[in-house]
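Heads up, our numbering is the position in the sequence shown plus 227, with the first residue counted as 1.
Down below is the structure, laid out as structure tokens.
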Amino acid sequence: MSDRERDRPVRVGVVGHVEWLDFAVVERVPLAGEIVTTSGHFELAAGGGAVAAVQLRKLAGAALFLTALGDDERARHAAEELRDLHGVELSAAVRARAQRRAFTHLDAAGERTITVLGERLVPHGDDPLPWDRLAQLDGIYLTGGDGAAARAARAARVLVATARAADALSAAGVAPDVLVASGRDEKERAGLEALPPPLLATVLTDGARGGRWEGAGGAGGTWPIAPPPGPPVDAYGCGDSFAAGLTYGLAAGMELPAALALGARCGAACLTGRGPYAAQLALAPA
């Protein structure tokens with residue numbers, strides 16, 4: 228990035244999914260056949276694409292989010308929350324079906340356990356969305372779409388993708404600069420095996436132990452977790468906040484280690500709030 232380019236805001240966005248989340252705060256996840264009573268309950272728009280879009284808006288001051296939503300009341304609430312409450316520039320295709328939902332237990336140790344209801348809603352390249360704007364962005368985080376959506380996302384200067392978008396990347400025949408996967412998630416690790424190596428690095432997260440990255444030519448390294456700025460509350464959204472911080476760092480011209488460190492700060496900050504948005508790291512004014 229040139230000196231002149233550094234004088235302007237970093238332009239970032241997300242191509243991916245939204246889910247409507249019900250959260251139940253419990254002492255522990257119930258055993259099979261058991262009934263537990265929550266100490267709290269709330270619901271909001273979330274999912275990996277939404278969480279990353281809000282985190283990027285808090286880092287860059289603005290974030291474009293191309294997605295797909297259902298046509299029910301939950302979908303309308305999700306759009307309103309992301310636009311009006313969180314300031315995301317949302318552009319969504321509408322599908323004639325119910326909004327995808329998920330149910331999440333948040334236990335006393337801060338861990339989240341998720342059950343997803345229904346098939347993923349993702350944007351398609353033939354949806355009437357502003358795909359041409361993606362080529363103007365410095366960085367995009369891809370969480371889902373079809374092949375045409377992934378090809379459009381690749382037009383950004385930097386593309387970071389989750390391994391859960393492996394089908395879209397494979398259909399498009401494109402490689403992201405960085406591919407992010409949980410080292411503990413079998414589905415995400417399987418996604419890695421189906422893809423050619425990313426252009427810069429594969430990043431494998433490992434929760435409270437940080438993670439490691441693997442680059443071309445045998446390069447690689449690790450990063451430690453960042454100290455949380457307060458007591459841990461719940462882990463929902465930490466991984467996607469991390470990926471958003473990594474995307475922002477690379478889009479801003481940081482080298483990979485510095486971008487990983489920023490991502491770790493974002494994940495640690497998210498851990499200290501109830502729900503994904505309450506404590507996300509903010510570098511830009513609201």
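Glycine included, each C-beta is placed from N, C-alpha and C at the ideal position.
Computed from a predicted structure; not experimentally measured.
Would the beta-carbon of residue i fall within 9 Å of that of residue j?
i: P178; j: V281; result: Residue 178 is absent from the model: the chain starts at 228 and stops at 513.
i: A319; j: A289; result: no
i: V407; j: A379; result: no
i: A272; j: A251; result: no
i: T370; j: G276; result: yes
i: A491; j: R339; result: no
i: A382; j: G366; result: no
i: A388; j: A377; result: yes
i: W440; j: L431; result: yes
In its own chain, which residues sit with a C-beta less than 6 Å from the C-beta of residue i, not counting the 5 before and 5 after it?
i: F292; result: V241, A280, V315, L317
i: R255; result: D334
Would you tell me roughly how many angstroms separate the C-alpha atoms of residue i and residue j, rounded to the nearest one?
i: D404; j: G476; result: 13 Å
i: T264; j: L333; result: 12 Å
i: A505; j: C497; result: 7 Å
i: T345; j: A302; result: Strictly speaking, residue 345 in this sequence is Gly, with Thr absent from that position. Computed Cα separation, rounded: 14 Å.
i: G434; j: F469; result: 11 Å
i: A478; j: R436; result: 25 Å
i: G466; j: G494; result: 6 Å
i: G448; j: E261; result: 43 Å
i: R174; j: E270; result: The chain is shown from 228 up to 513; residue 174 falls before or after that span and cannot be answered.
i: V385; j: T474; result: 8 Å
i: M228; j: G243; result: Note that M228 has pLDDT 48, beneath the 50 cutoff, so the model's placement of it is unreliable and no number is given.
i: A488; j: K285; result: 17 Å
With H, G and I counted as helix, E and B as strand and the rest as coil, what does DSSP make of residue i?
i: E261; result: coil
i: V241; result: strand
i: D249; result: strand
i: A397; result: The displayed chain sequence assigns Ser, not Ala, to residue 397. It is helical.
i: V349; result: coil
i: E316; result: strand
i: E270; result: strand
i: Y504; result: coil
With a CB to CB cut of under 8 Å and the five nearest residues on each side skipped, what residues in its chain are close to residue i?
i: H351; result: A295, A320, G372, D373, A375, A376
i: L422; result: A390, A393, L396, S397, A402, L406
i: I452; result: A435, R436, G437, A491, G494, A495
Residue i and residue j look like a contact to me (Cβ under 8 Å); what is the Cβ gap, rounded to whole Å?
i: L508; j: G472; result: 7 Å
i: G267; j: V460; result: So it is not a contact: roughly 11 Å between Cβ atoms.
Which residues in the same chain as residue i place their Cβ atom closer than 7 Å to its Cβ, once the five residues preceding and following it in sequence are excluded?
i: R360; result: L291
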